[in-house]
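Trainee:
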Amino acid sequence: MTRCRPRARSRQPAAPTQVAVAAATPAAPAHAAGPAADETPAEPEPKPGKLDPRSDEFFNKFDDVVPNRLTRNAAKCYEGRHGQLHRNQKLSLRFKTKIVNGEVTVHDVTIKESTIGDPALETCFIQSVQRSTWKDDELPDWEQDDELVIRPERGMKKFWQDNVDYVGAEAPRP
47 MTRCRPRARS RQPAAPTQVA VAAATPAAPA HAAGPAADET PAEPEPKPGK
97 LDPRSDEFFN KFDDVVPNRL TRNAAKCYEG RHGQLHRNQK LSLRFKTKIV
147 NGEVTVHDVT IKESTIGDPA LETCFIQSVQ RSTWKDDELP DWEQDDELVI
197 RPERGMKKFW QDNVDYVGAE APRP
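Going by the numbering used here, the sequence shown opens with residue 47, and the numbers climb by one from there.
1) Could you check what DSSP says for V112 in three-state terms: helix, strand or coil?
2) Look up Q130 in the DSSP assignment and say whether it is helix, strand or coil.
3) With a Cβ-Cβ cutoff of 7 Å, do R140 and E199 count as a contact?
4) Fully enclosed by the stretch 153-210, which alpha helix (DSSP H) runs are 4 residues long or longer?
5) Which residues in the same chain have their Cβ closer than 8 Å to the Cβ of K181, if we skip the five residues on either side of it in sequence?
6) I want to know whether the stretch 157-167 touches the stretch 95-108 - three or more CB-CB distances under 8 Å.
7) Using alpha carbons as the reference points, say which of D211, I196, Y212 lies closest to Y124.
8) For R100, which three-state DSSP category applies?
9) For the beta strand (DSSP E) holding F141, just list the boundary residues, first then last.
10) Excluding sequence positions up to five away, which residues of its chain have a Cβ less than 8 Å from the Cβ of G201?
11) Rounded to whole angstroms, what's the CA-CA distance from N134 to G95? Just pull it up for me.
12) Exposed or buried, which one is V67 when buried takes at least 16 other CB atoms within 10 Å?
13) Select from F105, V175, H132, L137 the residue whose C-alpha is nearest the C-alpha of P165.
14) Let me know if N114 comes out buried or exposed under the rule of 16 or more other beta-carbons within 10 Å of its beta-carbon.
15) Does the beta-carbon of T143 have 16 or more other beta-carbons within 10 angstroms, so that it is buried, or is it exposed?
16) Name the DSSP beta bridge partners of E149, please?
17) Might you give, ordered along the chain, the residues of its own chain that have their beta carbon closer than 7 Å to the beta carbon of T161, omitting 5 neighbours on each side?
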């Protein structure tokens, strides 16, 4: 087995003046960098006062909020019908959410899958999801594809009006 020996190092010191000079020179402007800088577009910086879409704050104020808001709005369609569907029946929707100037809207709502079997109820769910809108001035301009699964007898129970209105004996009295 042959081993390579490290090269003999020169006894001359490295040119520290060259390093210092190179470090002191200003960086070249981006437009002077050549064609490589033009090939990769930079992501737009969020406007001042707006959340970064890649941040946890954005997730908490938008991505985490969307399913609850849409399900709460759709729950109105199932009021007075509790117990009519099997607990595993569901409606899966695809849609796009769009934020412009802090105004969140939902559009292009389509059915991905449905086991509900009630076209009138499905239409009501779709329309209530599509009409959903809210405003949050901290949200940046943004658009994304999303999905929502509506299970009227499971995930929707907490939004039923009788559950929202329920106070119970353990609630403090004013």
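For each residue, glycine too, the CB sits at the ideal point set by N, CA and C. Bear in mind the structure is a predicted one, so any value in this text is a computation, not a measurement.
Mentor: Reading from the atomic positions:
1) helix
2) It is coil, neither helix nor strand.
3) Not closer than 7 Å, so no.
4) 165-176
5) G148, E149, V150
6) As far as the Cβ criterion goes, the stretch 157-167 does not touch the stretch 95-108, which means the pair count is below three.
7) When each option's Cα is compared against that of Y124, the closest is I196.
8) coil
9) 137-146
10) T117, V195
11) 43 Å
12) For V67, the pLDDT reaches just 44, beneath the cut-off of 50, and the residue's location in the model is therefore unreliable, although a value from the coordinates is still provided. Exposed: under 16 other Cβ atoms inside 10 Å.
13) L137
14) exposed
15) buried
16) V146, K181
17) Hits under 7 Å: Q135, K136.
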